[in-house]
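Structure, as structure tokens:
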Amino acid sequence: MPTLPHLPLPQRAERRNYQGSAFPRTRSTRTQGNLDNRRGHSQNLRRNIANLRVAWATSLQDIAGLPIEADIDQRIIPILLKIDSAGLLVDQLRGFGIEVISEEDEGWIIGASVDAFNKLLAKINRFDSATNQGTAYLWEIDSGIGWKREYVLSADLQQKLDNLSDDEVLDLDISIACNIHVPDKPIRNEGETQQRYDQRMERWMEKVNKRDEVQDARMEQFSRIVSHYGSIIQTFDYSDSFGIRAKILVKGLKDILYNYPYVFEIQEHDYLEGIFNAVNEDGVAQVQINAPPNDAPKVCIIDSGIMEGHRLLNPAIDHLASKNYVPGEDTVADHAPGGGHGTRVAGAALYPYDIPADGNINLPFWIQNARILNRRAKLSDNIFLPNLMQQIVNDFSPTKIYNLSVSSSAPCQTNHMSLWATAIDKLMWERDILFVVAVGNLFKYGVPGRPGIHDFIVGGNAYPRYLLTERYCRVANPAQSSFALSVGSVTIGEYEDDDRISFGKTFGNYPAPSPFSRTGPGLWGMIKPDVVEFGGDLVREKGQRVNIIEHHTTSPQLVKSIETSQEALGKDSVGTSYAAPKVAHIAAVLQHTFRTESCLFHRGLIVQSARLPDYALHQPGEDHLRHFGYGVPSIFRALDNNTRRVTLFATGSINAKHTDIYTLRIPNQIRRPGADFQVMIEVTLSYKASPRRTRKRTSSYLSTWLDWKSSKLGESLDDFTRRVINVADEQEGEIVEAGEWEEEYTEIPWKIRERGNWGQVQTFKRQDSTLQKDWAILEANALPSEFNLAVLGHRGWSIDLEQEVPYALFVSLEILNPEIGIDIYNAIRVENEIEIPVQVAVQV
Numbered sequence: 001m002p003t004l005p006h007l008p009l010p011q012r013a014e015r016r017n018y019q020g021s022a023f024p025r026t027r028s029t030r031t032q033g034n035l036d037n038r039r040g041h042s043q044n045l046r047r048n049i050a051n052l053r054v055a056w057a058t059s060l061q062d063i064a065g066l067p068i069e070a071d072i073d074q075r076i077i078p079i080l081l082k083i084d085s086a087g088l089l090v091d092q093l094r095g096f097g098i099e100v101i102s103e104e105d106e107g108w109i110i111g112a113s114v115d116a117f118n119k120l121l122a123k124i125n126r127f128d129s130a131t132n133q134g135t136a137y138l139w140e141i142d143s144g145i146g147w148k149r150e151y152v153l154s155a156d157l158q159q160k161l162d163n164l165s166d167d168e169v170l171d172l173d174i175s176i177a178c179n180i181h182v183p184d185k186p187i188r189n190e191g192e193t194q195q196r197y198d199q200r201m202e203r204w205m206e207k208v209n210k211r212d213e214v215q216d217a218r219m220e221q222f223s224r225i226v227s228h229y230g231s232i233i234q235t236f237d238y239s240d241s242f243g244i245r246a247k248i249l250v251k252g253l254k255d256i257l258y259n260y261p262y263v264f265e266i267q268e269h270d271y272l273e274g275i276f277n278a279v280n281e282d283g284v285a286q287v288q289i290n291a292p293p294n295d296a297p298k299v300c301i302i303d304s305g306i307m308e309g310h311r312l313l314n315p316a317i318d319h320l321a322s323k324n325y326v327p328g329e330d331t332v333a334d335h336a337p338g339g340g341h342g343t344r345v346a347g348a349a350l351y352p353y354d355i356p357a358d359g360n361i362n363l364p365f366w367i368q369n370a371r372i373l374n375r376r377a378k379l380s381d382n383i384f385l386p387n388l389m390q391q392i393v394n395d396f397s398p399t400k401i402y403n404l405s406v407s408s409s410a411p412c413q414t415n416h417m418s419l420w421a422t423a424i425d426k427l428m429w430e431r432d433i434l435f436v437v438a439v440g441n442l443f444k445y446g447v448p449g450r451p452g453i454h455d456f457i458v459g460g461n462a463y464p465r466y467l468l469t470e471r472y473c474r475v476a477n478p479a480q481s482s483f484a485l486s487v488g489s490v491t492i493g494e495y496e497d498d499d500r501i502s503f504g505k506t507f508g509n510y511p512a513p514s515p516f517s518r519t520g521p522g523l524w525g526m527i528k529p530d531v532v533e534f535g536g537d538l539v540r541e542k543g544q545r546v547n548i549i550e551h552h553t554t555s556p557q558l559v560k561s562i563e564t565s566q567e568a569l570g571k572d573s574v575g576t577s578y579a580a581p582k583v584a585h586i587a588a589v590l591q592h593t594f595r596t597e598s599c600l601f602h603r604g605l606i607v608q609s610a611r612l613p614d615y616a617l618h619q620p621g622e623d624h625l626r627h628f629g630y631g632v633p634s635i636f637r638a639l640d641n642n643t644r645r646v647t648l649f650a651t652g653s654i655n656a657k658h659t660d661i662y663t664l665r666i667p668n669q670i671r672r673p674g675a676d677f678q679v680m681i682e683v684t685l686s687y688k689a690s691p692r693r694t695r696k697r698t699s700s701y702l703s704t705w706l707d708w709k710s711s712k713l714g715e716s717l718d719d720f721t722r723r724v725i726n727v728a729d730e731q732e733g734e735i736v737e738a739g740e741w742e743e744e745y746t747e748i749p750w751k752i753r754e755r756g757n758w759g760q761v762q763t764f765k766r767q768d769s770t771l772q773k774d775w776a777i778l779e780a781n782a783l784p785s786e787f788n789l790a791v792l793g794h795r796g797w798s799i800d801l802e803q804e805v806p807y808a809l810f811v812s813l814e815i816l817n818p819e820i821g822i823d824i825y826n827a828i829r830v831e832n833e834i835e836i837p838v839q840v841a842v843q844v
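FYI, the numbering for the sequence shown is 1 to 844, going by the UniProt record's numbering.
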């Protein structure tokens with residue numbers, strides 16, 4: 001039980017709403033120019049539509065007489081257009097007769113005209129005659145369909161397509177849009193009559209049925225098209241689209257690309273990364289292992305299986321739940337080469353810091369085994385990962401924590417959220433679960449198309465520079481997931497002899513980024529990895545030769561499978577695979593301790609406990625966040641407080657155009673004049689919302705997006721509330737530039753801030769992530785008497801402004817000078833009249 005538990009954060013102001021505006025109060029220069037030149041703008045749009053019709057007719061001629069011709073509706077024409085996204089909502093394109101297929105960068109939209117441009121031309125004509133203004137926000141229409149190759153194909157397919165013969169067969173992941181919004185199922189309101197509720201349910205069911213009919217028809221149509229060139233293996237349904245794994249001829253790929261209007265992404269099947277092999281072994285520990293309590297949390301290890309009889313693991317294995325998902329294999333054992341992989345991961349989850357050689361150990365949680373990799377540590381081509389994730393979560397329900405230490409061998413795509421990552425986001429939105437995901441490893445030595453560490457160094461790109469400059473070093477799929485807790489690796493120990501040196505030793509500071517650990521950012525500026533843990537280091541020869549090996553000095557001690565090894569323990573393997581389960585361990589302990597709180601709470605608390613290395617904490621830079629995310633989490637800070645640190649929290653749900661405001665009073669004994677010590681303020685917001693694959697940017701990918709704002713130094717609650725509401729009203733969904741509000745007060749020197757050029761860390765913005773942490777270090781005598789925080793809800797893709805999304809908010813104050821004897825925990829508690837929460841004793 002925590003000795004000084006986290007305290008509730010006082011909410012001293014009622015929820016406030018703000019209206020925003022349908023259009024920005026100041027039009028962009030280009031939009032205003034279109035209004036000033038209606039005739040010229042209308043003529044340009046009509047001319048491009050005419051050229052697009054010609055290009056579409058030409059494309060249809062290429063498939064004339066082929067079986068696919070009968071399955072293509074010639075009246076539905078693909079279109080690429082650019083809009084003023086600050087003035088025109090994407091969904092408003094329906095009024096132009098355009099179905100939105102997907103949102104792209106810089107206001108570009110892939111769409112499909114559902115009526116051969118009739119509505120669009122009518123709108124343009126009315127604009128020309130000065131009877132509407134909306135067409136001014138429609139900036140540009142592409143005059144052909146050649147754009148499809150660039151916007152729909154992955155970068156790898158674009159590069160190799162011309163060198164492929166039409167009769168080659170490819171394993172493809174294809175994304176098809178089906179943008180028909182269905183709101184959440186109605187919940188009966190207090191005092192609502194049964195008749196009124198039944199009417200709302202009937203209208204909702206009509207929308208569900210309509211969406212199902214359209215999707216079924218679209219899926220049936222696409223299945224017929226694919227049947228001419230290959231076969232569909234599996235499909236997965238998202239709220240706005242469906243993903244398809246297909247085995248198909250290159251000729252079919254080309255015909256679908258240019259003639260099927262609803263496709264917005266095509267890429268080759270992404271293979272999972274290889275696993276570092278073992279080289280050295282240690283002996284087995286002699287220790288008494290006791291099983292967890294029956295009601296302890298469960299952590300599902302999604303991996304290569306587990307050696308369940310291992311004496312260090314067996315007492316914690318939930319044997320009845322073990323399940324194999326590998327086609328053609330009937331085992332849950334770990335046969336991965338070199339001592340297994342899932343066995344090591346399970347061991348790292350149970351024993352994150354060390355494996356005792358003797359004594360008595362009470363294990364804190366149960367381990368469940370979901371085997372997805374075969375005996376060669378590979379994923380079967382017949383497995384479609386979105387479906388597999390959903391099946392595993394269904395099979396292991398009500399388990400809340402899922403550790404995924406397998407990932408793609410390639411960097412994640414940066415266009416749309418991947419099928420795999422979106423499936424994880426969708427599951428985390430719909431259920432109270434947490435995925436802990438490794439960011440992926442770089443190979444020591446590359447393979448064709450996948451360069452490794454050796455290749456970068458030989459090519460002149462030294463450590464750690466290659467981690468930040470090589471695109472192959474970007475986080476691997478699905479670590480870009482918006483809601484998953486993505487984990488990178490930092491080095492363990494240092495090593496040097498006459499001939500060899502560890503990479504971390506050359507870095508100059510400890511801990512260093514592991515030379516194999518992939519880096520951020522994630523999609524759309526998200527901070528990824530979220531956190532890092534100690535996954536190990538590699539050792540290389542000095543001088544010109546670049547021979548890279550593992551070494552026991554810089555490797556974590558791990559449990560091994562004796563199915564493929566002679567020893568039960570080893571310090572012979574490194575990777576982000578073993579960093580992730582250490583974070584899953586913290587999540588399970590938090591679930592055990594804070595039983596009534598959600599996984600969203602546990603996720604936020606892990607990030608709140610994380611900290612950059614000392615050498616980066618005071619002066620963080622962009623590179624630090626790309627390597628470390630928010631830093632290494634601490635199970636002690638996550639669980640407890642002390643006299644020098646206090647953590648407060650609030651949980652709730654909020655809808656768009658509303659704000660929750662919290663106030664923390666800081667007593668005079670901490671901020672008195674002459675107080676010569678430093679206090680760090682940390683704030684973390686953790687939230688989730690309904691995702692849409694066809695959208696880009698966090699603010700559009702999510703149904704509702706949240707951010708937080710703090711008061712300035714000396715700003716009262718009333719002044720802060722007025723400022724937050726007025727700024728939100730002024731430009732809903734945008735961040736007002738510094739200086740657009742009165743500068744009566746001084747900003748708190750947050751490290752990241754709301755714009756990439758406001759905080760000390762450049763390029764990153766807090767609100768681009770669903771885990772929004774920031775921190776500031778102030779002299780105690782500069783602290784305000786009141787510290788105010790606002791959580792604001794903003795409209796995303798959803799038109800339902802009543803839909804609430806959950807959040808958890810954390811605030812910590814910590815005295816950084818160890819010699820200071822002030823009890824900040826009780827000083828804050830007493831000043832804010834907070835009673836210590838009653839805690840249920842649990843054994844951890």
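Even for Gly, the Cβ is constructed at its ideal location relative to N, Cα and C.
*When you compare only the Cα positions, how much space is there between D62 and A55?*
Position 62 of the sequence shown, counting from 1, holds the residue named residue 62. Position 55 of the sequence shown, counting from 1, holds the residue named residue 55. The alpha-carbon atoms of D62 and A55 are separated by roughly 11 Å.
*Measure the alpha-carbon distance for G95 versus I799 and round it to whole angstroms.*
Translated into the one-based positions of the sequence shown, residue 95 becomes position 95. Translated into the one-based positions of the sequence shown, residue 799 becomes position 799. Each residue's alpha carbon lies about 15 Å from the other.
*Enumerated in chain order, which unbroken segments of the beta strand (DSSP E) with a length of 3 residues or greater are wholly contained in the segment 399-435?*
Counting only runs of 3 or more, we get 401-404.
*With a floor of 3 residues, list each beta strand (DSSP E) that falls wholly inside the segment 435-514, ordered by position along the chain.*
485-490, 500-502
*By how many angstroms is the C-alpha of N314 removed from the C-alpha of V332?*
Residue 332 sits at position 332 when you count from the first residue of the sequence shown. Residue 314 sits at position 314 when you count from the first residue of the sequence shown. Going from the Cα of V332 to the Cα of N314 covers about 13 Å.
_Can you look up S787 in the DSSP assignment and give me helix, strand or coil?_
Position 787 of the sequence shown holds residue 787. Inspection of the sequence shows that residue 787 is occupied by Phe rather than by Ser. F787: strand per DSSP, three-state reduction.
_Under 8 Å, with one C-beta from each stretch per pair, do the segment 259-268 and the segment 185-203 reach the 3-pair mark?_
no
*asked:* I'd like to know whether the C-beta atoms of E786 and S711 end up nearer to each other than 8 Å.
replied: Locating residue 786 in the sequence shown gives position 786, counting from the first residue. Locating residue 711 in the sequence shown gives position 711, counting from the first residue. Yes.
*Exposed or buried, what is Y353 when buried is set at 16 or more other beta-carbons lying within 10 Å of its beta-carbon?*
Indexing the sequence shown from 1 puts residue 353 at position 353. Answer is exposed; the Cβ neighbour count stays below 16.
*Where K571 and I492 are concerned, what is the direct C-alpha to C-alpha distance, given to the nearest angstrom?*
In the sequence shown, the residue the question calls residue 571 occupies position 571. In the sequence shown, the residue the question calls residue 492 occupies position 492. Taking the straight line from one Cα to the other gives about 11 Å.
*With a 10 Å radius around its C-beta and 16 neighbouring C-beta atoms as the bar for buried, classify E14 as buried or exposed.*
Within the sequence shown, numbered from 1, the residue matching residue 14 stands at position 14. That one is exposed.
*Is it the case that the Cβ atoms of G520 and T576 are separated by a distance below 8 Å?*
Along the sequence shown, one-based indexing puts residue 520 at 520. Along the sequence shown, one-based indexing puts residue 576 at 576. The answer is no: Cβ separation not under 8 Å.
*Grab me the residues of D48's own chain with a C-beta within less than 6 Å of its C-beta, minus the 5 sequence neighbours each way, in chain order.*
Looking up residue 48 in the sequence shown gives position 48. One point to set straight first is that residue 48 is Asn, not Asp, in the sequence displayed. Cβ within range, chain order: I141, S143.
*May I ask which residues mark the beginning and end of the beta strand (DSSP E) holding D707?*
Here residue 707 is taken as the residue at index 707 of the sequence shown, counted from 1. That run of the beta strand (DSSP E) goes 704-710.
*What do you get for K542, buried or exposed, if any count of 16 or more other CB atoms within 10 angstroms of its CB means buried?*
As a position in the sequence shown, residue 542 is number 542, starting the count at 1. So K542 ends up on the exposed side.
_Measuring CB atoms only, is the segment 817-833 touching the segment 112-132, in the sense that at least three cross pairs come out at less than 8 Å?_
no
*asked:* Only counting the same chain, and skipping five residues up and downstream in sequence, which positions put a Cβ closer than 6 Å to that of R611?
replied: Taking the sequence shown and counting its residues from 1, the one referred to as residue 611 is at position 611. Cβ neighbours of R611 beyond the five flanking positions: G631.
_For the pair the segment 429-436 and the segment 507-519, tell me if three or more CB-CB distances fall below 8 Å._
no
*Name the DSSP beta bridge partners of A112, please?*
Your numbering for residue 112 matches position 112 in the sequence shown. According to DSSP, which records beta bridges pairwise, A112 is partnered with P78, E99.
_Neighbourhood of A421 by C-beta, 7 Å cutoff - its chain only, sequence neighbours within 5 removed_ = If you number the sequence shown from 1, residue 421 lands on position 421. Contacts found: N477, P478, Q480, S481.
_Check this for me: beta carbons of G252 and Y229, under 8 Å apart or not?_
The residue given as residue 252 occupies position 252 in the sequence shown. The residue given as residue 229 occupies position 229 in the sequence shown. In this structure, Y229 lies closer than 8 Å to G252 by Cβ.
*Per DSSP, which residues does S555 bridge with? Please list them.*
Position 555 of the sequence shown, counted from the first residue, corresponds to residue 555. Its beta-bridge partners do not exist; DSSP assigns none.
*Can you name, in chain order, every residue of its own chain whose Cβ lies under 7 Å from the Cβ of L442, other than the five neighbours on each side?*
On the sequence shown, residue 442 is found 442 positions in, with the first residue counted as 1. Excluding residues within five positions, the ones whose Cβ falls inside 7 Å are G452, I453, C473, F516, R518.
*In chain order, what residues of the same chain have a beta carbon less than 7 Å from the beta carbon of D318, not counting five sequence neighbours either side?*
Along the sequence shown, read from residue 1 onward, the residue named residue 318 stands at position 318. The answer, listed in chain order, is K298, W366, I367, Q368.
*Best match in I562, E597, D537 for proximity to S573 [C-alpha to C-alpha]*: Residue numbering aside, residue 573 sits at position 573 when the sequence shown is read from its first letter. Closest by alpha carbon: D537.
*Compute the Euclidean distance between the alpha carbons of I302 and L80, then round it to the nearest angstrom.*
As a first step, residue 302 must be located in the sequence shown, where it is residue number 302. As a first step, residue 80 must be located in the sequence shown, where it is residue number 80. Rounded to whole angstroms, I302 and L80 show a C-alpha spacing of 40 Å.
*Would the beta-carbon of F264 fall within 8 Å of that of T694?*
Counting from 1 along the sequence shown, the entry for residue 264 is found at position 264. Counting from 1 along the sequence shown, the entry for residue 694 is found at position 694. Going by C-beta atoms, F264 is nearer than 8 Å to T694.
_Three-state class that DSSP yields for H319 in the structure shown_ = Locating residue 319 in the sequence shown gives position 319, where the first residue counts as 1. In this structure, H319 counts as helix in the three-state DSSP scheme.
*Boundaries (first-last residue) of the alpha helix (DSSP H) holding N209*: Locating residue 209 in the sequence shown gives position 209, where the first residue counts as 1. Note, N209: alpha helix (DSSP H), 194-227.
*With distances taken from CA atoms, which of S409, G305, K119 is nearest L373?*
In the sequence shown, residue 373 corresponds to position 373, counting from 1. Considering only alpha carbons, the answer is G305.
*CB contact flag (L816, I777, <8 Å)*: Start at 1 with the first residue of the sequence shown, and residue 816 comes out as number 816. Start at 1 with the first residue of the sequence shown, and residue 777 comes out as number 777. Closer than 8 Å, so yes.
_Could you compute how far the alpha carbon of I174 sits from the alpha carbon of Y260?_
Stepping through the sequence shown from its first residue, residue 174 is reached at position 174. Stepping through the sequence shown from its first residue, residue 260 is reached at position 260. For I174 and Y260, the distance between alpha carbons rounds to 12 Å.
*Cβ of V475 within 8 Å of Cβ of P529?*
Taking the sequence shown and counting its residues from 1, the one referred to as residue 475 is at position 475. Taking the sequence shown and counting its residues from 1, the one referred to as residue 529 is at position 529. A contact, by the Cβ cut-off of 8 Å.
*Sub-8 Å separation of Q772 and L717 beta-carbons*: Along the sequence shown, one-based indexing puts residue 772 at 772. Along the sequence shown, one-based indexing puts residue 717 at 717. Using a Cβ distance threshold of 8 Å, Q772 and L717 do not count as a contacting pair.
*Confirm, please, whether the CB-CB distance from S407 to L249 is below 8 Å.*
Here the question's residue 249 lines up with position 249 in the sequence shown. Here the question's residue 407 lines up with position 407 in the sequence shown. No, the Cβ-Cβ distance between L249 and S407 is not below 8 Å.
*Alpha carbon to alpha carbon, how far is A377 from N547? Give it in angstroms, no decimals.*
Reading the sequence shown from its first residue, position 547 is the one you call residue 547. Reading the sequence shown from its first residue, position 377 is the one you call residue 377. Rounded to whole angstroms, N547 to A377 spans 25 Å at the Cα level.
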